[in-house]
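K.L.:
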Amino acid sequence: MTTRPHDALFRGVFSERELAISELTSVLPRAIADVLDWTTLEVEPSSFIDGELAERQSDLLYRVRFCASDRAAFVYVLQEHQSEPDEGMPFRLLRYLVRIWEAHRKDHPSGLLPPIVPIVISHGAHGWNVADNFAAIIDFQEEREAFLPHTPRFTYVVIDLANMSDEELSARFDGFVALIFRALRDVRALGVMTFVLRELNTLREVGLRRQRRGLILLYRYLLIHAEHRERSRMIKLVSDNEPKESEGTMYSAAQSLIDEGIERGIEKGIEKGIEKGRLEGQAAILRRQLQLKFPRASMSALGRLDNATASELEAWSERFVSATTLDEVFVGPSASNA
Numbered sequence: 031m032t033t034r035p036h037d038a039l040f041r042g043v044f045s046e047r048e049l050a051i052s053e054l055t056s057v058l059p060r061a062i063a064d065v066l067d068w069t070t071l072e073v074e075p076s077s078f079i080d081g082e083l084a085e086r087q088s089d090l091l092y093r094v095r096f097c098a099s100d101r102a103a104f105v106y107v108l109q110e111h112q113s114e115p116d117e118g119m120p121f122r123l124l125r126y127l128v129r130i131w132e133a134h135r136k137d138h139p140s141g142l143l144p145p146i147v148p149i150v151i152s153h154g155a156h157g158w159n160v161a162d163n164f165a166a167i168i169d170f171q172e173e174r175e176a177f178l179p180h181t182p183r184f185t186y187v188v189i190d191l192a193n194m195s196d197e198e199l200s201a202r203f204d205g206f207v208a209l210i211f212r213a214l215r216d217v218r219a220l221g222v223m224t225f226v227l228r229e230l231n232t233l234r235e236v237g238l239r240r241q242r243r244g245l246i247l248l249y250r251y252l253l254i255h256a257e258h259r260e261r262s263r264m265i266k267l268v269s270d271n272e273p274k275e276s277e278g279t280m281y282s283a284a285q286s287l288i289d290e291g292i293e294r295g296i297e298k299g300i301e302k303g304i305e306k307g308r309l310e311g312q313a314a315i316l317r318r319q320l321q322l323k324f325p326r327a328s329m330s331a332l333g334r335l336d337n338a339t340a341s342e343l344e345a346w347s348e349r350f351v352s353a354t355t356l357d358e359v360f361v362g363p364s365a366s367n368a
């Protein structure tokens with residue numbers, strides 16, 4: 031997870047059937063999307079990328095039946111998360127397509143091969159400015175027309191996030207899909223806190239839609255990319271703005287990283303954030319109780335709650351039950367007799 035956070039976010043989110051359908055129907059040519067029965071979509075549990083490129087690429091293979099028959103087609107999505115576009119992508123895709131067909135042929139020794147639509151998602155900073163078809167990388171020169179009939183010919187669909195504005199993403203994709211694409215595109219460039227502050231309202235909207243699993247994957251991604259000093263602040267900020275429909279999602283994401291022992295150094299920052307959030311929550315409850323019981327209590331007197339330790343909050347909460355003055359809460363029952 032820590033060495034491949036892009037892969038974990040991409041595969042985790044777009045293995046969710048509803049989100050995958052939303053993404054694919056938005057990017058495929060209408061002539062293809064309209065002839066496929068999206069209720070039959072399945073994610074194939076395989077990866078076809080070269081082992082040495084696993085740190086730079088992620089892939090997902092979907093199988094979906096045609097509306098008019100039991101035949102199936104494949105949609106192959108390759109996420110490219112290196113900073114510079116790969117000029118050899120058409121050749122690399124050809125190898126991956128052949129591997130998919132080879133895997134299919136093992137289970138179906140005879141018959142025609144299913145069609146495959148390749149899609150490349152790029153979030154490199156400089157955009158995707160290389161050939162989007164195989165014939166373009168062949169050195170035909172003036173002999174093009176003679177050799178073209180004997181050359182593999184396919185075009186792949188490109189989702190070039192670097193050259194898509196926020197408005198374009200929002201217009202083309204479902205709100206959560208657009209949010210994931212913005213995270214993949216912007217987190218490294220902007221920094222995690224800047225991204226979170228910008229997207230706080232969207233995160234709340236996603237929470238209202240109860241997309242808890244997707245949010246946990248996104249929060250894990252953000253926590254791993256956040257600087258050590260940012261993590262506690264981010265946990266607090268997001269948690270304070272979570273609607274009741276997604277309450278505790280950020281803490282769940284943070285705790286899952288701790289439980290898995292994901293990365294040295296991250297545990298301390300996340301645990302600090304969780305503990306700080308818990309203390310601030312306890313302090314807020316006690317503050318409200320004190321204001322109700324002692325309505326004339328000054329803000330400066332209640333300010334002691336802001337930097338209280340866990341043991342202090344526990345002691346004050348116990349004293350609150352029987353206290354008749356604010357001093358009895360903070361100092362103890364003997365304060366009234368001093």
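Heads up, the sequence shown stops at 368 in the working numbering, and the numbers go up one at a time, no gaps.
Note that beta-carbon positions come from the ideal geometry of N, C-alpha and C, so glycine has one too.
These numbers were taken from a predicted model, which means no experiment stands behind them.
Do the CB positions of Ile189 and Val150 come within less than 9 Å of each other?
P.N.:
Cβ distance < 9 Å, so Ile189 and Val150 count as in contact.
K.L.:
Contact defined as beta carbons within less than 8 Å: I believe Leu252 pairs with Val226. What is the distance between those atoms, to the nearest angstrom?
P.N.:
Contact flag correct, Cβ pair sits at about 7 Å.
K.L.:
Which class does Thr181 belong to by DSSP, given the choice of helix, strand or coil?
P.N.:
Thr181 falls in the coil class under three-state DSSP.
K.L.:
Can you list the beta strand (DSSP E) stretches of 3 or more residues lying completely in the stretch 81-118, in chain order?
P.N.:
With a minimum length of 3 residues, the continuous beta strand (DSSP E) runs that stay inside the stretch 81-118 are 87-96, 102-110.
K.L.:
Taking the alpha-carbon of Ala331 as reference, which of Gln312, Leu309, Glu358, Ile168 has the nearest alpha-carbon?
P.N.:
Among Gln312, Leu309, Glu358, Ile168, the Cα nearest to that of Ala331 is on Glu358.
K.L.:
In terms of alpha-carbon separation, which member of Glu198, Thr55, Ile210, Leu124 lies closest to Val43?
P.N.:
When each option's Cα is compared against that of Val43, the closest is Ile210.
K.L.:
Residues in the same chain with beta-carbon distance under 7 Å from Phe121, minus the five sequence neighbours each way, listed in chain order, please.
P.N.:
Once the five neighbours on either side are set aside, the close Cβ partners of Phe121 are Ile167.
K.L.:
Cα-Cα, which of Leu320, Met264, Gln321, Val57 is closest to Val207?
P.N.:
Measuring from the Cα of Val207, the nearest candidate turns out to be Val57.
K.L.:
Report all residues from its chain with a CB closer than 6 Å to the CB of Glu275; omit the five preceding and five following residues, and keep chain order.
P.N.:
Result list for Glu275: Gly237, Leu238, Arg240, in chain order.
K.L.:
Taking the CB atoms as reference points, tell me whether Leu54 and Leu71 lie closer together than 9 Å.
P.N.:
Taking 9 Å as the Cβ cut-off, Leu54 and Leu71 qualify as a contacting pair.
K.L.:
Excluding the 5 residues preceding and the 5 following Phe40 in the sequence, name in chain order all residues of the same chain whose CB lies nearer than 6 Å to its CB.
P.N.:
Closer than 6 Å at the Cβ level, and outside the excluded window around Phe40, lie Ser88, Gln109.
K.L.:
Starting from the N-terminal side, write out each stretch of the alpha helix (DSSP H) that is 4 residues or longer and does not extend beyond the stretch 223-281.
P.N.:
Entirely contained in the stretch 223-281, the alpha helix (DSSP H) runs reaching 4 residues are, in chain order, 242-255, 261-270.
K.L.:
Tell me Ile151's beta-bridge partners as DSSP assigns them.
P.N.:
Beta-bridge pairing links Ile151 to Gln109, Ile189.
K.L.:
Check each candidate in Val147, Phe164, Asp162, Arg101 and name the one with the smallest Cα separation from His138.
P.N.:
If we check each option's Cα against that of His138, Arg101 comes out closest.
K.L.:
Can you tell which of Arg228, Asn271, Ala219, Gln285 has its C-alpha closest to the C-alpha of Ile246?
P.N.:
That would be Gln285, whose Cα lies nearest to the Cα of Ile246.
K.L.:
Specify the secondary structure class of Arg294 as computed by DSSP and reduced to three states.
P.N.:
Low confidence applies to Arg294: its pLDDT is 47, below 50, so where it sits in the model is not reliable, and the reading given next is rough at best. Arg294: coil per DSSP, three-state reduction.
K.L.:
At which residues does the alpha helix (DSSP H) containing Glu358 begin and terminate?
P.N.:
356-360 is the span of the alpha helix (DSSP H), which, as asked, contains Glu358.
K.L.:
Could you tell me which of Pro75, His255, Glu310, Glu257 sits nearest to Ile21, measuring between CA atoms?
P.N.:
For the chain, the structure presents residues 31 to 368; residue 21 sits outside this window and is missing.
K.L.:
Taking Cβ positions, are Pro148 and Leu123 nearer each other than 9 Å?
P.N.:
Yes.
K.L.:
By a C-beta neighbour count over all protein chains shown, 10 Å radius and 16 as the cutoff for buried, is Gly244 buried or exposed?
P.N.:
Gly244 is buried by the Cβ-count criterion.
K.L.:
Report yes if the C-beta distance between Thr185 and Asn159 is below 9 Å; otherwise report no.
P.N.:
No; because the gap between Cβ atoms is not below 9 Å, this pair is not in contact.
K.L.:
From Leu248 to Arg47, what distance separates their C-alpha atoms?
P.N.:
When rounded, the distance between both Cα atoms is 17 Å.
K.L.:
Bridge partners for Leu66 per DSSP, in chain order?
P.N.:
BP columns for Leu66 point to Phe96.
K.L.:
When you compare each of Asp169, Asn271, Gln321, Glu197 to Leu233 by their alpha carbons, which one comes out closest?
P.N.:
Nearest C-alpha to Leu233: Asn271.
K.L.:
Can you tell me the Cα-Cα spacing of Arg202 and Pro273, whole angstroms?
P.N.:
Distance between the alpha carbons of Arg202 and Pro273: 26 Å.
K.L.:
Using beta-carbon positions only, say whether Ala320 and Ala340 come within less than 9 Å of one another.
P.N.:
Inspection of the sequence shows that residue 320 is occupied by Leu rather than by Ala. Not closer than 9 Å, so no.
K.L.:
Taking the alpha carbon of Ser152 as the point to measure from, which residue in Ser352, His180, Leu142, Val107 has its own alpha carbon closest?
P.N.:
Of the listed residues, the one whose Cα sits closest to Ser152 is Val107.
K.L.:
Using DSSP with H/G/I as helix, E/B as strand and the rest coil, what is Ile146?
P.N.:
Here Ile146 sits in strand by DSSP.
K.L.:
Would you list the residues sitting across from Asn163 in a DSSP beta bridge?
P.N.:
According to DSSP, which records beta bridges pairwise, Asn163 is partnered with Thr185.
K.L.:
Using only the heavy atoms of the ligand FAD, determine whether one of them is closer than 8 Å to the beta carbon of Glu272.
P.N.:
Ligands are entirely absent from the displayed structure, and the ligand FAD is therefore not among its contents.
K.L.:
On the premise that Leu287 lies in contact with Val313, defined as a C-beta separation below 8 Å, what is that separation, rounded to the nearest angstrom?
P.N.:
Sequence check: residue 313 is Ala here, not Val. Contact flag wrong, Cβ pair sits at about 25 Å.
K.L.:
Return helix, strand or coil for Leu71, following the three-state DSSP convention.
P.N.:
Residue state, collapsed to three classes: strand.
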